[in-house]
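Protein chains: 2
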Amino acid sequence: MSADPDPTLRLLWRHVLPSDGTAPKRGRRPKVSVDDVVDAAIELADRDGLDALSMRGLAERVGVGAMSLYTYVAGRDDLVVLMVDQVVGRADLPPMTGDLRARLTLVAEVQLADHRAHPWLLDVGGVRAWLGPNVADRYEWQLSAVEGVGLDDLEMDQTITLVTGFAANVARAEHAVRRTERESGMTDAEWWEANYEALAEVMSHREYPIAGRVGSAAGEAYQAGRDPRRELEFGLARILDGLEAHLGR
Amino acid sequence: MSADPDPTLRLLWRHVLPSDGTAPKRGRRPKVSVDDVVDAAIELADRDGLDALSMRGLAERVGVGAMSLYTYVAGRDDLVVLMVDQVVGRADLPPMTGDLRARLTLVAEVQLADHRAHPWLLDVGGVRAWLGPNVADRYEWQLSAVEGVGLDDLEMDQTITLVTGFAANVARAEHAVRRTERESGMTDAEWWEANYEALAEVMSHREYPIAGRVGSAAGEAYQAGRDPRRELEFGLARILDGLEAHLGR
DNA sequence: TACTTTCTCGTACATCGTACGGAACAAATG
DNA sequence: CATTTGTTCCGTACGATGTACGAGAAAGTA
Chain A
1 MSADPDPTLR
11 LLWRHVLPSD
21 GTAPKRGRRP
31 KVSVDDVVDA
41 AIELADRDGL
51 DALSMRGLAE
61 RVGVGAMSLY
71 TYVAGRDDLV
81 VLMVDQVVGR
91 ADLPPMTGDL
101 RARLTLVAEV
111 QLADHRAHPW
121 LLDVGGVRAW
131 LGPNVADRYE
141 WQLSAVEGVG
151 LDDLEMDQTI
161 TLVTGFAANV
171 ARAEHAVRRT
181 ERESGMTDAE
191 WWEANYEALA
201 EVMSHREYPI
211 AGRVGSAAGE
221 AYQAGRDPRR
231 ELEFGLARIL
241 DGLEAHLGR
Chain B
1 MSADPDPTLR
11 LLWRHVLPSD
21 GTAPKRGRRP
31 KVSVDDVVDA
41 AIELADRDGL
51 DALSMRGLAE
61 RVGVGAMSLY
71 TYVAGRDDLV
81 VLMVDQVVGR
91 ADLPPMTGDL
101 RARLTLVAEV
111 QLADHRAHPW
121 LLDVGGVRAW
131 LGPNVADRYE
141 WQLSAVEGVG
151 LDDLEMDQTI
161 TLVTGFAANV
171 ARAEHAVRRT
181 ERESGMTDAE
191 WWEANYEALA
201 EVMSHREYPI
211 AGRVGSAAGE
221 AYQAGRDPRR
231 ELEFGLARIL
241 DGLEAHLGR
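Top to bottom, those sequences are chains A and B. First residue of the first sequence: 1, per the UniProt record's numbering; consecutive thereafter. First residue of the second sequence: 1, per the UniProt record's numbering; consecutive thereafter.
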């Protein structure tokens, strides 16, 4: 009665799975490998974004007919799942040393670095079978940062979710600017230059006492530096302070 | 030399802008209004998601030819910008009372409620001209929660970014489950039922001492209750504790 | 009535994911 | 060697998508 197991699951774990004689002996030889396809897809998505990744374009890049891709991958959605696990597996995870602050900072920085290098990760919606080996390894590594510090199991998961989610949001804010610059062909500064007058007129009809002051302060600071550590700093400091307060009680 | 101002900007502020005689007197009468179009688009996106929102489908819903939409809106991307501002304007913002904790909790809860009611907000990438009147009002309201508590301007912006980003991430996690259930036609429980065996076999080749324990604990708690307040609770408590520690120093 | 202005929308095109089915190939079998 | 069987390759085709283009329809003005 229960449905068949998800075939993409075996594909995800293809490298850790023992080759239990399932390698076909007869039949035509594949021109490329699943890893070739996924690696090329990652390369294209890194360059042009996830939306611009098309099966036809990928096929040409790999040197194969468009429909041939479907012998390697069940479809575009499943390809994205494989891309996520593959790209997560590339980063090497440094050993967990130092105190809790240092360890969680490391978790956040690795997460930020991944999302900066592969912004399309932010566009990947919730797909079920994210449970690839590399994602699982990453999760285990992240959890090791908070193991034994006094949190219960649920709190450990929530802490990792909180920290990695925040790092992803920092990357998201950065990426939003880059994307609109690319899509509109205008620098952020150019847009403001062109629209300052109209915006001032339009906003003159309402009062924004706080937002006017804070927004311009944030805008200036934002334009000043793009140091990822700095952008992480404030939020992460608050989160870590709060966590220590929770543990020290 | 500077480019023309963004026409969508005037469209965003169409309600606060005085009708400076720009209302056309001659010519054929429009069958519908911009608000009709945007409201219908929101309705469709609420039901089927942002990806499923097509210009043709929207046109049929509004009772208009597909290409007629382009008299009201510059294109699909600009439509989404209008949808965001329109939907943000619907929520009524309660007055800011109570202490800092209560106020920021309110900010987070409103943010979560919006994203739960309109999950497609999570799929809206960074578009430049988010500066609609309702988004501006919302930002002003959010900032009023931390005005005068001892933060400098930059920290005020970062605090709001931190809190609202966290609330959005909670909504994102919820939405990911709903989406995959809809797209795959399988309940989360059904998927695990069908894939438990295969997953166990596949993961038996590696050791996940912490993730195995924590993951199942989180899974059980996750399946138990879906109270949004509970899901907000832990992370928000940490953030607020950390913020108070920062201010009390 | 004729002209001008504005909105309406049918047609067309490029691009997308992918269903389908036969051709091409490699090993096993006779 | 000839045939069968299993596997991969991929050309063609279909339905959707966003939207450029331009002709037609309606409403006010002269």
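C-beta: ideal position from N, C-alpha, C; glycine also.
By the 10 Å Cβ neighbour count, where 16 or more other Cβ atoms means buried, how is methionine 1/B classified, buried or exposed? Residue placement at methionine 1/B is flagged as unreliable, the pLDDT there being 46, under the threshold of 50; the coordinate-derived value follows with that caveat. Exposed, since its Cβ has fewer than 16 Cβ neighbours within 10 Å.
Starting from tyrosine 72/A, trace the alpha helix (DSSP H) both ways and give me its first and last residue. From DSSP, tyrosine 72/A is part of no alpha helix (DSSP H); its letter is neither H nor E.
Is it a yes or a no for the region 203 to 212 of chain B touching the region 140 to 157 of chain A, going by three-plus beta-carbon pairs under 8 Å? In short, these stretches touch, since the Cβ pair count reaches three.
May I have the straight-line CA-CA distance separating glutamate 193/B from threonine 187/B, to the nearest angstrom? Going from the Cα of glutamate 193/B to the Cα of threonine 187/B covers about 10 Å.
If we require 3 or more residues per run, which beta strand (DSSP E) segments fall completely within the region 73 to 127 of chain B? Here no run is fully enclosed.
Does the beta-carbon distance from leucine 246/B to arginine 76/A come in below 8 Å? It is histidine, not leucine, that sits at residue 246/B in the sequence shown. Contact flag unset, no.
Any beta carbon from chain B within less than 8 Å of tyrosine 70/A's own beta carbon? So, not an interface residue.
Select from Tyr196/A, Leu121/A and Leu112/A the residue whose C-alpha is nearest the C-alpha of leucine 232/A. Among Tyr196/A, Leu121/A and Leu112/A, the Cα nearest to that of leucine 232/A belongs to Leu112/A.
Secondary structure of alanine 245/A, DSSP reduced to three states: Note: alanine 245/A maps to helix in three-state DSSP.
Are there 16 or more other CB atoms within 10 angstroms of the CB of arginine 28/B, so buried, or fewer, so exposed? Here arginine 28/B is exposed: its Cβ has fewer than 16 other Cβ atoms, across all protein chains shown, within 10 Å.
Between the C-alpha atoms of alanine 189/B and glycine 248/A, what's the straight-line distance to the nearest angstrom? Whole-angstrom Cα-Cα distance: 38 Å.
Check whether the Cβ atoms of valine 81/B and threonine 8/B sit closer than 8 Å, and answer yes or no. Yes, the pair counts as a contact, with Cβ atoms nearer than the cut-off.
Alpha helix (DSSP H) segment containing proline 133/A, residue limits: Membership of proline 133/A in the alpha helix (DSSP H) is indicated by the continuous run 133 to 144.
Report yes or no: do three or more beta-carbon pairs, one from the region 160 to 172 of chain B and one from the region 115 to 125 of chain B, lie closer than 8 Å? Of all C-beta pairs linking the region 160 to 172 of chain B to the region 115 to 125 of chain B, three or more are shorter than 8 Å, placing the two stretches in contact.
Exposed unless 16 or more other CB atoms sit within 10 angstroms - verdict on arginine 179/B: Arginine 179/B comes out buried.
So valine 37/B and leucine 69/B are supposed to be a Cβ contact under 8 Å. How far apart are they, rounded? Going by Cβ atoms, the distance from valine 37/B to leucine 69/B rounds to 6 Å, so yes, they are a contact pair.
Which class does residue 331/A belong to by DSSP, given the choice of helix, strand or coil? Because chain A in this structure spans residues 1 to 249, residue 331/A falls outside the shown range and cannot be described.
Taking glycine 208/B as part of the alpha helix (DSSP H), name the residues at either end of that continuous run. Residue identity check: residue 208/B is tyrosine in the sequence provided, not glycine. No residue range can be given for tyrosine 208/B, since it is assigned to no alpha helix (DSSP H) and is classified by DSSP as neither H nor E.
Which term fits glycine 185/B, buried or exposed, when burial requires 16 or more other beta carbons within 10 angstroms of its beta carbon? Classification of glycine 185/B: exposed, given that the 10 Å Cβ count is below 16.
Cutting at 6 Å between CB atoms, please list the residues of its own chain near valine 107/A, excluding the five before and the five after it. Excluding five sequence positions before and after valine 107/A, the CB atoms of its chain that fall closer than 6 Å to its own CB belong to Gln142, Ala145 and Val163, given in chain order.
Nearest candidate by alpha-carbon position, reference aspartate 137/B, set Arg206/A, Phe234/A, Glu109/A and Phe166/A: Out of Arg206/A, Phe234/A, Glu109/A and Phe166/A, Arg206/A has the C-alpha closest to the C-alpha of aspartate 137/B.
Closer than 9 Å at the beta carbon, the chain A residues around alanine 74/B: Close to alanine 74/B, with beta-carbon spacing below 9 Å, lies no residue of chain A; the smallest spacing is near 12 Å.
If we cut at 8 Å on Cβ distances, does alanine 167/A have a partner in chain B? Not a single CB atom of chain B sits nearer than 8 Å to the CB of alanine 167/A.
Regarding histidine 15/B and the ligand ZN, is the C-beta to nearest heavy atom distance less than 7 Å? Questions concerning the ligand ZN fall outside what the structure shown contains, since it holds no ligand whatsoever.
Classify leucine 53/B as helix, strand or coil using the three-state DSSP reduction. It is coil, neither helix nor strand.
Within 8 Å (strictly less), CB to CB, does proline 5/B reach chain A? Under the 8 Å criterion on CB atoms, proline 5/B is classed as interfacial with respect to chain A.
Please confirm if asparagine 195/A has its CB atom under 8 Å from at least one CB of chain B. Closer than 8 Å: yes.
Indicate the three-state DSSP secondary structure (helix, strand or coil) for alanine 23/A in the structure shown. It is coil, neither helix nor strand.
If you count every other CB in all the chains shown that lies within 10 Å of the CB of arginine 229/A, and 16 or more means buried, which is it? With a threshold of 16 other beta carbon atoms within 10 Å, arginine 229/A falls short and is exposed.
Serine 216/B versus alanine 59/B: straight-line alpha-carbon distance, rounded: Distance between the alpha carbons of serine 216/B and alanine 59/B is about 46 Å.
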